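Count along the sequence shown from 1, then add 83; that gives the number in this note's numbering. The beta carbon of each residue, even a glycine, is placed where N, CA and C say it ideally should be. Remember, predicted model here, so these are calculated numbers, not experimental data. Each remark here refers to the structure printed beneath this line.
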Amino acid sequence: MQSTRMAANGAATAASDGSRSPAPDNADTYVIGAGDNLYIFVYDSPQLSLDVPVRPDGRISMPLVPEVVAAGKTPSKLAKDLEARLKPYIKDPNVTVIVRKFVGPLNRQVRVIGEAVEPQAIPYRDNMTVLDVMIQTKGLTRNAAGNRAIIVRRIDGKRETIHVHLASLLKDGDISQNVAMQPGDTLIIPESWF
């Protein structure tokens, strides 16, 4: 019987010795989401080891295993599932899953759309602010109407809109505009009309 072990660097590995090693605290709590980039390492099978993106449908593809749902699973659970799928082809497969680019599930992301230099989905972190988000997206484009930006947030199933003056925050240092972000928020930065 195989068991799964979590390495200190966040990689999930599987061992076939039947023992179960305790995982470090919170080591295997990350849940894979669409947009993540994974490195799948299959021990002693370099032709099967590769980087794979998690597609928008939450699946990954690799040789011998054309379709596997990755989103919603921890790295160790995905490693275990891949071992089961590879077992008909490889004797005692040992798989490690390393998350190289973290995005996470949609409800744990902050999405930035519009006139950011690099619009993207960002994994939510505790105490994240709009300034943290703007640093990660590399600021506003030349065409941004930064003072017309809004944060769209769902609270108890209802949509809430928060107006943010990004240009005042970024250019003038108006710290009152450094709004706290919440998981699932979407920052919309419109284009200026002139």
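How many Å lie between residue i and residue j at the Cα?
i: aspartate 140; j: asparagine 190; result: 15 Å
i: valine 213; j: valine 152; result: 32 Å
i: lysine 156; j: leucine 165; result: 12 Å
i: lysine 163; j: threonine 244; result: 42 Å
i: isoleucine 173; j: alanine 199; result: 46 Å
i: isoleucine 233; j: proline 171; result: 52 Å
i: tyrosine 113; j: glycine 187; result: 8 Å
i: serine 132; j: valine 178; result: 9 Å
i: leucine 223; j: arginine 237; result: 24 Å
i: glutamine 130; j: proline 176; result: 13 Å
i: alanine 106; j: histidine 246; result: Per-residue confidence for alanine 106 stands at a pLDDT of 36, beneath the threshold of 50, marking its modelled position as unreliable; the derived number appears in the next sentence. Going by the C-alpha atoms only, they are around 43 Å apart.
i: lysine 160; j: glycine 197; result: 36 Å
i: threonine 220; j: aspartate 255; result: 19 Å
i: isoleucine 218; j: valine 195; result: 12 Å
i: alanine 263; j: valine 180; result: 32 Å
i: lysine 184; j: arginine 208; result: 15 Å
i: glutamine 192; j: tyrosine 126; result: 32 Å
i: proline 149; j: valine 135; result: 12 Å
i: leucine 147; j: serine 128; result: 12 Å
i: aspartate 119; j: glutamate 201; result: 17 Å
If we call anything under 8 Å between Cβ atoms a contact, is residue i one with residue j?
i: glycine 229; j: alanine 204; result: no
i: asparagine 210; j: glutamate 274; result: no
i: proline 206; j: valine 182; result: no
i: alanine 117; j: alanine 167; result: no
i: isoleucine 143; j: leucine 121; result: yes
i: aspartate 257; j: valine 235; result: no
i: valine 216; j: leucine 253; result: no
i: histidine 248; j: glutamine 260; result: yes
i: isoleucine 123; j: valine 137; result: no
What are the partner residues of residue i, as DSSP defines its beta bridges?
i: glutamate 243; result: Arg236
i: arginine 194; result: Ala204 and Thr269
i: alanine 227; result: Glu274
i: threonine 212; result: Ala263
Is residue i close to chain B, meaning its C-beta is less than 8 Å from at least one C-beta of that chain?
i: glutamine 265; result: Included in the structure is just one protein chain, with no chain B present.
Tell me whether residue i, by its Cβ, gets closer than 7 Å to a heavy atom of the ligand SAH.
i: serine 251; result: Ligands displayed in this structure: none; no statement on the ligand SAH is therefore possible.
- Message: Ignoring anything shorter than 4 residues, give me the alpha helix (DSSP H) runs that lie fully in the stretch 117–205, in order along the chain.
- Response: Qualifying alpha helix (DSSP H) stretches, in chain order: 158–169.
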